[in-house]
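Residues 68 to 192 (our numbering) are what the sequence shown spells out, left to right. All C-beta atoms, glycine included, are put in the ideal place defined by N, C-alpha and C. Just so it is clear, the structure is predicted and the values come from calculations on it, not from any experiment. Data first, discussion second: the structure below is written as structure tokens.
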Amino acid sequence: MHKWIMVSLFVIASVLGIVVTFDAIGQHEAVEEVEDENALVFKAVNWNFDQEEYIIEKGQTLKLSMRNLPGEGKHHVKIEDLGIELLPGEEPVEVTFDEARSYTVICSLPCGDGHETMASTIIVQ
């Protein structure tokens, strides 16, 4: 009988340890969002970005970052023409948009069936 109690306690402790570990990993991405007029946060969920187009003024300097919203898929953001790849939870990358043009934003982490069409556009005016 004493063995069963010890085994049961071990199993419960193991399950709690696993739950706490995965909860901490999920919270790493759940960074509290602070409004910053010089920040552009790409929000990704279910094989889409939060906007089809991001309009930016020429000469504007922005801190680019990304985060995954609750839902399906984990995503990364890549802007090839700027040589930037953004991952959730990483420090923002500061960029000055000196040229009026468009930049394609894609998901660079294979995330499922909609991955190939997951794209958005930065338009600098």
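Beta-carbon gap between residue i and residue j smaller than 9 angstroms
i    : j    : result
D148 : Y170 : yes
V172 : V144 : yes
I79  : I123 : no
S187 : E119 : yes
7 angstroms Cβ shell around residue i - same chain, five flanking residues per side excluded
i    : result
H182 : W114 and C174
L176 : K141, H142 and H143
E159 : The sequence given here has Pro at residue 159, not Glu. Within the same chain, P159 has close Cβ partners A106, K130, L131 and S132.
H69  : none
Residue closest to residue i, alpha-carbon to alpha-carbon, out of the options
i    : options                   : result
Q192 : E104, D165 and L136       : D165
V108 : G138, P155, H69 and E124  : P155
C178 : S132, Q118 and G138       : G138
F116 : P159, V160, E157 and S132 : S132
I146 : D180, N135, L136 and M185 : M185
E157 : R168, R134 and A167       : R134
A111 : A167, R168 and L153       : L153
Residues bridged to residue i (per DSSP)
i    : result
M133 : F109
I173 : K145 and A186
E152 : K145
I122 : I190
F116 : A111
Close Cβ partners of residue i (< 6 angstroms) along its chain, the five nearest in sequence each way excluded
i    : result
A106 : K130
T128 : T163
R168 : V191
Nonlocal neighbours in the same chain, by C-beta distance under 8 angstroms from residue i, ignoring five residues either side
i    : result
G126 : T163, F164 and D165
D180 : W114
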